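A quick write-up on the structure given underneath.
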Amino acid sequence: LPCVDFYLGNGHKWLSCPRGIGFLYCPDPKLRDTILRLPAVISHGVGQGFQSRFLWDGCRDYAAALAVPAVLDFWEQEYDPARVRLEIQDKLSE
3 LPCVDFYLGN GHKWLSCPRG IGFLYCPDPK LRDTILRLPA VISHGVGQGF
53 QSRFLWDGCR DYAAALAVPA VLDFWEQEYD PARVRLEIQD KLSE
């Protein structure tokens, strides 16, 4: 994703993942270490890198998160993501 500071997405809406799955993309290490230094709910992984700050944040059912690799495999095997994006763009331009 060129020219973005942050990108937040909902896996349930955009990837057909189970509810409760979202993602955060921040390519700039400087922003990750300032604005995103601490998440709202602190994980036991604080101090062990960006991803660990946001992972395993307490008593939560992680079944939805553990399903994400299967969802991504499904998209790659059953659908061509590039074709799906083109179809969506075509529908939006109608």
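Counting in my numbering, the sequence shown runs from 3 upward without gaps.
Beta carbons: idealized from backbone N, C-alpha and C, even for Gly.
Values in this document were obtained by computation on a predicted structure and should not be read as measured data.
Helix, strand or coil at Leu-74 according to DSSP, with G and I counted as helix: helix
Spatially closest choice to Ile-23 from Val-6, Gln-50, Ser-54 and Ala-66, by CA coordinates: Ala-66
Opposing strand residues paired with Phe-56 [DSSP bridges]: In DSSP, Phe-56 forms no bridge with anything.
As assigned by DSSP and simplified to three states, the class of Gly-11: strand
Leu-94 to Leu-68 span [Cα, whole Å]: 32 Å
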